[in-house]
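A.B. asks: Pasting in a structure now, in structure tokens, and then I'll have a few things to ask.
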Amino acid sequence: MLERFLIVFVAIMVCIHPSYQRRQTFKCNDYVTETTSYHRSGISFRMGPHYICYLSNVIQVSSAIEIVDEIISHAFVDGNSAIIEPREVGAIVVKNSNFIVLPSQLFNKFRNLLVFRASDVNLRQISREDFRDTEHLTILHLDRNQIFDLEDGILMYLKRLQRLDLSRNMITAINEDTFSGCSSDLYEVDLSYNRITKLDYSTLIPLAHAKKLSVELNLNFNEIKEIHESHRVDHLTFEALQLKNNLLESFTCPDIKIGELHLENNRLQLLSFDNCSVEYLIVSQNHLNWLHIHGDLKGLVASHNKISSFVVSGADTEIYHFDLSENENINHVFPSLKEMNEMQFLNLSHSFIGVLEPETFTNMRELKYLFLKDCGIEIIPFEVFGNNKRMMTLDISDNLLETIDLHMFVGLDRLKILDISGNKLNKIDGFERVRSILPELSEIRIDGNRFECNDLRVILKTFEGLGINVIMPNYSSHSKSVSGIECY
């Protein structure tokens with residue numbers, strides 16, 4: 000009877016006290032000889048050699064300090080029984096633990112710490128004093144916690160910090176002095192998935208001033224409704240500024256330079272870049288009706304909008320990547336489009352064009368990838384691709400073409416992929432001379448048309464004999480088909 004009582008008592012204690020279920024541990028199993036963190040601008044940071052240690056199953060900060068003190072006092076070993084000194088520990092990862100505040104005493108005990116990760120540990124607050132002994136810390140991950148406030152100068156003691164991750168917390172604001180005194184080497188700051196509602200460019204001066212390494216700032220998936228400039232901002236530089244999935248209705252910027260600007264999936268109706276320089280812009284899934292493109296823009300993705308026209312500033316534009324797919328009637332864009340001499344990638348798919356003029360792509364001598372899928376095109380002029388001798392991929396599928404002659408592609412000697420599926424074609428003129436017309440063609444798609452079965456067999460046999468791969472549809476419910484391609 001007593002034995003049964005003891006068994007029940009132990010079971011109850013295990014349920015009540017999680018510490019009975021899991022043992023607090025501090026293990027150093029991984030040894031890193033050297034790691035390199037590469038920056039897109041070509042700068043690299045080297046760290047190592049050092050041990051990576053794992054602090055697990057701790058339910059309060061005091062317990063963490065106690066267990067580390069105990070282990071250090073007796074020395075501690077890795078998986079190969081080698082003795083480890085605290086100065087050899089370069090990274091600590093906290094796992095399966097519960098901290099309300101940061102165990103800042105750890106930084107004092109491990110003075111050479113380079114990396115500290117405490118993700119998803121129920122951390123609720125941090126202060127600048129927590130990092131007073133972090134003179135070597137370069138990477139700090141405190142994501143997936145419940146931090147709601149960042150005090151002024153929060154990073155002032157982190158003089159070598161390069162990467163900061165505070166994503167998936169409950170932060171509501173960035174104040175003017177939040178980043179005051181931050182490291183000049185800080186190049187990556189992740190504040191995505193928080194609750195920030197507004198942004199002031201002046202608060203970003205410590206992060207992006209001209210004498211500092213260019214920063215990648217991630218503010219995706221917040222609740223930002225407005226961005227303003229409370230006082231003059233000059234010469235800020237961002238490697239990337241990410242603001243997708245917010246609540247912005249307009250966007251303007253002061254005297255700043257941005258490598259990549261992400262504004263997709265907002266509520267934008269107005270964009271203005273009169274005072275700033277943007278190299279690559281993504282504004283897909285907004286409510287834009289028109290665009291003003293500046294000469295220094297090199298890449299633009301503006302799919303899923305309502306754009307019907309745009310204007311280009313300056314005589315020349317350097318844009319080489321342009322995506323206007325999933326817009327409405329864009330036939331008014333062509334006067335401006337014709338002036339884009341550096342274009343290499345152009346996607347106008349799922350946007351109504353209607354009639355293609357012979358000179359539409361004449362000046363795009365560098366064009367390599369052209370997508371005109373589902374654009375309402377009925378006729379393709381013979382000379383329309385005459386100057387696009389670098390073309391490698393051409394998609395004119397899902398249009399209204401009733402006839403096509405491969406001779407219209409004469410001069411496209413580098414074309415490798417051609418998609419003419421989903422039209423109303425009953426024949427392909429010149430297909431028997433395809434190899435002399437398109438010597439580099441390796442893939443073609445022709446399904447979804449109106450070929451007679453006998454004609455289709457001849458076409459497929461010809462392509463097969465020339466080593467041209469005919470891309471097959473994923474599924475066909477048509478009663479008649481040849482090699483999976485429907486016919487009549």
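Quick note: the sequence shown uses numbering that gives the first Met the number 0, first residue 0, plus one each step. The C-beta atom is built at its ideal place from N, Cα and C for all residues, glycine as well. Keep in mind that this is a model prediction, so the values were computed, not measured.
Can you find the residues in the same chain that come closer than 6 Å, C-beta to C-beta, to N244, ignoring five residues on each side of it along the sequence?
C.D. replies: Closer than 6 Å at the Cβ level, and outside the excluded window around N244, lie N219, F220, N264.
A.B. asks: Please state the DSSP three-state secondary structure of E485.
C.D. replies: Of the three classes helix, strand and coil, the one that applies to E485 here is strand, per DSSP.
A.B. asks: Can at least three beta-carbon pairs, one atom from the segment 122-131 and one from the segment 94-112, be found at a separation below 8 Å?
C.D. replies: At 8 Å Cβ cutoff, the stretches touch.
A.B. asks: Leaving out five residues on either side along the sequence, give the residues of the same chain with a beta carbon under 6 Å from the beta carbon of N217.
C.D. replies: D189, S191, Q241.
A.B. asks: Kindly indicate which residue of I458, C374, C452, R116 has the alpha-carbon position closest to the one of I329.
C.D. replies: The residue with the shortest Cα to Cα distance from I329 is C374.
A.B. asks: Quick one, which of I352, R116, N468 has its alpha-carbon nearest H140's?
C.D. replies: Taking only the C-alpha atoms, the option nearest H140 is R116.
A.B. asks: Kindly list the residues whose CB is nearer than 8 Å to the CB of V332, restricted to its own chain and excluding five residues on each side of it in sequence; keep chain order.
C.D. replies: So the qualifying residues of the chain are I306, S307, S308, F309, L323.
A.B. asks: Quick check: the Cα distance between L105 and I64, rounded to an integer number of angstroms?
C.D. replies: Taking the straight line from one Cα to the other gives about 7 Å.
A.B. asks: For C52, which of helix, strand or coil comes out of DSSP?
C.D. replies: Residue state, collapsed to three classes: strand.
A.B. asks: Can the beta-carbon of M390 be found less than 7 Å from the beta-carbon of L366?
C.D. replies: Yes, the pair counts as a contact, with Cβ atoms nearer than the cut-off.
A.B. asks: Look at the alpha carbon of L411 and the alpha carbon of D428, and state the distance between them as a whole number of angstroms.
C.D. replies: The alpha-carbon atoms of L411 and D428 are separated by roughly 17 Å.
A.B. asks: Starting from L189, follow its DSSP beta bridges and name the residues at the other end.
C.D. replies: Note that residue 189 is Asp in the sequence shown here, rather than Leu. BP columns for D189 point to D164, N217.
A.B. asks: Return the bridge partner residues of T171 from the DSSP annotation.
C.D. replies: Its beta-bridge partners do not exist; DSSP assigns none.
A.B. asks: By DSSP's criteria, G410 is part of a beta bridge. Which residues make up the other side?
C.D. replies: DSSP, once it has assigned bridges, lists no residue as partnering G410.
A.B. asks: What separation, rounded to the nearest whole angstrom, lies between the Cα atoms of S271 and L465?
C.D. replies: Roughly 52 Å between the two C-alpha positions.
A.B. asks: Could you pull out every residue in the same chain whose Cβ sits closer than 6 Å to the Cβ of K256, ignoring the five residues on either side in sequence?
C.D. replies: For K256, where only same-chain residues beyond five positions count, the Cβ hits under 6 Å are T236, S276.
A.B. asks: For Q20, name the three-state secondary structure that DSSP assigns.
C.D. replies: Per-residue confidence for Q20 stands at a pLDDT of 44, beneath the threshold of 50, marking its modelled position as unreliable; no derived number is given.
A.B. asks: Measure from the alpha carbon of N398 to the alpha carbon of each residue in I376, E382, N387, I51, then state which is nearest.
C.D. replies: It is I376 whose Cα lies nearest to the Cα of N398.
A.B. asks: Measuring straight from C-alpha to C-alpha, what distance separates R143 and D119?
C.D. replies: One C-alpha to the other measures close to 5 Å.
A.B. asks: Alpha carbons only, please: which of D254, Q268, P334, L347 is nearest the one belonging to L299?
C.D. replies: Residue L347 is the option with its Cα nearest to L299.
A.B. asks: Does DSSP put R449 in a helix, a strand or coil?
C.D. replies: R449: coil per DSSP, three-state reduction.
A.B. asks: Quick check: K423 and C452, are their CB atoms within less than 7 Å of each other?
C.D. replies: Cβ atoms of K423 and C452: not closer than 7 Å.
A.B. asks: Taking Cβ positions, are S55 and N28 nearer each other than 7 Å?
C.D. replies: It is not a contact, given that the beta carbons lie outside the stated cut-off.
A.B. asks: Note the first and the last residue of the continuous beta strand (DSSP E) segment covering F333.
C.D. replies: Element bounds for F333: not the beta strand (DSSP E) but the alpha helix (DSSP H), 333-336.
A.B. asks: According to the neighbour-count rule (16 or more other Cβ atoms, all chains shown, within 10 Å of its Cβ), is L336 buried or exposed?
C.D. replies: Buried, because 16 or more other Cβ atoms sit within 10 Å of the Cβ of L336.
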